[in-house]
DNA sequence: CCATGACCAAAATACAATATCAGTCATTCG
DNA sequence: CGAATGACTGATATTGTATTTTGGTCATGG
């Protein structure tokens, strides 16, 4: 059986359960049923193994995002569905949730880096979607990088930050209602 | 001379220079030229002294914000000028900058609390301005709390967060250009 | 020839001794 | 007499050190 695959799965399991800092290479080796040295024939070090896992998660997120997009639906509908889906990963996906926790509690540099990477990935993903919509004539030309950034940060604030200072989280309808009436509306061609 | 005033000034100076955690009550007493016990006749404890200082800073921020608002100018112009002004405080105002640093580095609970309080103050300030503009018929009715929150978070993201992942900060014109074309535009009556 | 786990230096942790600090209160001073 | 004071105290933080853990290597054996 594919040793590289086994190691990846073992690492993903351990990172999800204990976080980056608290999983040891010995532990990964044990779970994967390989000698520790074997890991280093596939991954240069712990951080590269971690990056490989993170990359796999990004691919999963993109797939989950694609799964909620509807061919032919408006930019607004799809962008909303996609961003909500990706933001839901924060609470849903065990590894993602664990990493967010570790970033807050331990400040592990490798974790901070990976999470920043994921966010930047999302923004450039949104940016690509905006550019496609502009090309199609659905949206009017704009600074796509900046708009993607603003859109992502807005969703992040509404979905994540709002709950920190208010007792009840914002409903998806209320979020869509607000952004539909403000940002989305103004982007239309 | 007013002992309470002297203590406040001494504390403000020390908090600005060394942060909350690193300033001792002995130090404040020394700077204020009073015995340590005297501080406790005016303030119940270190945290209440800190809160008093924070309150003073909020008043200062409000004044600075009012100073850049122009009577008779549009909501967009004044809201932009006010929010930019308040956000500039983060780098400008010695105490504010120190506290932001301390929140990031030390995670001091009292500091986290105060900074959250300040942000919530700004949001409710913006909210009041929105409601006034609606009453005047300049803006169309909307969920003022939510819009104020979104507006503040958008500015925060553009002014503060953008710089973290990109080499050059966003110019004020670019920020205004983006938000004028999106959020502000859609709020108009 | 590749997988392995004993091995190593470096980093983290645990712990104890020491120092610092917020807050009190008996005393002092005006 | 009442407000100001600073020595005092228990709790918390810091420092220094002994011990353990861990990422990464490499000589060995299957």
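Residue numbers (the working numbering), protein chains in the order written: chain A, 2 to 190; chain B, 2 to 190.
No residue lacks a Cβ here, since even glycine has one placed at the ideal position from N, Cα and C.
query, result
"Other residues of its chain near residue 141/B: CB distance less than 8 Å, five sequence neighbours each side excluded", "135, 188, 189 and 190"
"Residue 157/B to residue 41/A span [Cα, whole Å]", "43 Å"
"Contacts of residue 182/A in chain B (Cβ-Cβ under 8 Å)", "143 and 187"
"Cα-Cα separation between residue 116/A and residue 91/A, rounded to whole angstroms", "11 Å"
"Identity of the residue in 172/A, 81/A and 101/A nearest residue 66/A by Cα", "81/A"
"For residue 123/A and residue 153/A, the rounded distance between their alpha carbons", "8 Å"
"Listed by chain order, chain B residues near residue 219/A by CB distance under 7 Å", "Coverage of chain A is limited to positions 2 through 190, which leaves residue 219/A absent and any answer about it impossible."
"Closer than 9 Å at the beta carbon, the chain A residues around residue 117/B", "165 and 166"
"Closest by C-alpha distance to residue 64/B, when choosing among 87/B, 53/B and 78/B", "87/B"
"As assigned by DSSP and simplified to three states, the class of residue 140/B", "strand"
"Contact list for residue 121/A against chain B, beta-carbon separation under 8 Å", "166"
"Close beta carbons around residue 170/A, own chain, < 6 Å, minus the five adjacent residues each side", "164"
"Candidates 101/A, 49/A and 137/A: closest to residue 74/A by CA position", "137/A"
"Start and end residues, alpha helix (DSSP H) containing residue 189/B", "No alpha helix (DSSP H) contains residue 189/B, which DSSP labels as neither H nor E."
"Residue 150/B at chain A interface by Cβ criterion, 8 Å", "yes"
"Cut-off 8 Å between Cβ atoms - residues of its own chain near residue 44/B, not counting five sequence neighbours on either side", "8, 50 and 53"
"Exposure label - residue 128/A; buried when at least 16 CB within 10 Å", "buried"
"Cβ-based neighbour list, residue 22/B, same chain, cut-off 7 Å, excluding 5 preceding and 5 following", "103, 107 and 109"
"Start and end residues, alpha helix (DSSP H) containing residue 98/A", "95-106"
"Buried or exposed (CB count within 10 angstroms, at least 16 for buried), residue 29/A", "buried"
"Residue-level contact to chain B via CB, residue 158/A, 8 Å cutoff", "yes"
"Cβ-based burial, residue 166/B [other Cβ within 10 Å; buried from 16]", "exposed"
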